[in-house]
Amino acid sequence: MPIEGIKFSSASQDIHPLGIFEAAMIFPHPSGSIRLKVEFFVMNNGASQHFILGNDYLNIYGIVINNHKDRYFTIGENKRQKFAFPPEMREITIIRQVKNVNKEKFVSDKLIEAQINTELTLEMKKELIEILFQYREAFSSDNKPLGAIKGHEVDIMLNGERPYPPLLRKPAYPASPRAREILKSHIDELVKLGVLRNVWHN
Numbered sequence: 057m058p059i060e061g062i063k064f065s066s067a068s069q070d071i072h073p074l075g076i077f078e079a080a081m082i083f084p085h086p087s088g089s090i091r092l093k094v095e096f097f098v099m100n101n102g103a104s105q106h107f108i109l110g111n112d113y114l115n116i117y118g119i120v121i122n123n124h125k126d127r128y129f130t131i132g133e134n135k136r137q138k139f140a141f142p143p144e145m146r147e148i149t150i151i152r153q154v155k156n157v158n159k160e161k162f163v164s165d166k167l168i169e170a171q172i173n174t175e176l177t178l179e180m181k182k183e184l185i186e187i188l189f190q191y192r193e194a195f196s197s198d199n200k201p202l203g204a205i206k207g208h209e210v211d212i213m214l215n216g217e218r219p220y221p222p223l224l225r226k227p228a229y230p231a232s233p234r235a236r237e238i239l240k241s242h243i244d245e246l247v248k249l250g251v252l253r254n255v256w257h258n
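Under my numbering, think of the first position of the sequence shown as 57, with each following residue one higher.
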């Protein structure tokens, strides 16, 4: 977007803006991702491309940067003592981190209410989130409300031959048609979730 009616200047010269563009940035965090709308200004003569200290930091420590042909900076009230930048700056290698969209979505959706121990270091938190994401199929989902944990099945064998156990000889509890319908819906739901299996299940 073009810039109109705004002037920019550094400590030693005017800076001519070319334009501005907006970008939405997301900072993932276990307690909830932070979404910020950031504006970036593109400058035509911004020579201090290798100096990344913020303006507040410069003001606090009295650092003044000169961006003319002989680039240097001063610190504090002593303007005579000049500190020069290295004549040859080593090439900066830009490393672009490949974003894992699925992982970010997992953190923002599944771990939004997770209470991770505050005593863990940043590296330990990263490892924990990586493990949770690796085994994310174990968590509940819309299709699997109880998750995908296996190994906790219990087989209950009922004796259906005479003589019947005392509990099977008792008459069934009386229930109204409406109560039976509700009970049947609950049993069907448990069968659907895999909590209960009928005797003919393979």
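For every residue, glycine included, the Cβ atom is placed at its ideal position computed from N, Cα and C. The model shown is predicted, which means the values in this text are computed figures rather than measured ones.
Val251 counts as exposed, since fewer than 16 other C-beta atoms from the protein chains shown sit within 10 angstroms of its C-beta. Burial check for Asn122: the Cβ neighbour count within 10 Å reaches 16 or more, so the residue is buried. With fewer than 16 other beta carbons inside 10 angstroms of its own, Leu223 counts as exposed.
Straight-line spacing of the CA atoms in Ala80 and Ile185 works out to 24 Å.
Annotation for Ala140: the continuous beta strand (DSSP E) segment containing it runs Asn134 to Ala140. The residue among Val163, Thr174, Glu179 and Glu169 with its C-alpha nearest the C-alpha of Tyr191 is Val163. Taken through DSSP and simplified to helix, strand or coil, Lys226 comes out as coil.
Within the DSSP bridge table, the entry for Pro73 names Met99 as partners.
In the three-state DSSP reduction, Val120 falls in the strand class (E or B). Sequence-distant Cβ neighbours of Leu74 in its own chain, meaning closer than 6 Å and more than five residues away, are Val98 and Asn100. For Phe195, no alpha helix (DSSP H) segment is defined, and its DSSP state is neither H nor E. Taking C-beta atoms under 8 Å as the contact rule, Lys161 and Phe195 fail to qualify, at a distance of about 13 Å. Each residue's CA atom was taken as its position, placing Glu133 and Arg127 some 18 Å apart. Shown here, Leu252 sits in coil according to DSSP, grouped into three states, outside any helix or strand. Taking C-beta atoms as the reference points, Phe96 and Ile76 count as a pair closer than 8 Å.
Residue environment for Phe129: buried (at least 16 other C-beta atoms within 10 angstroms of its C-beta).
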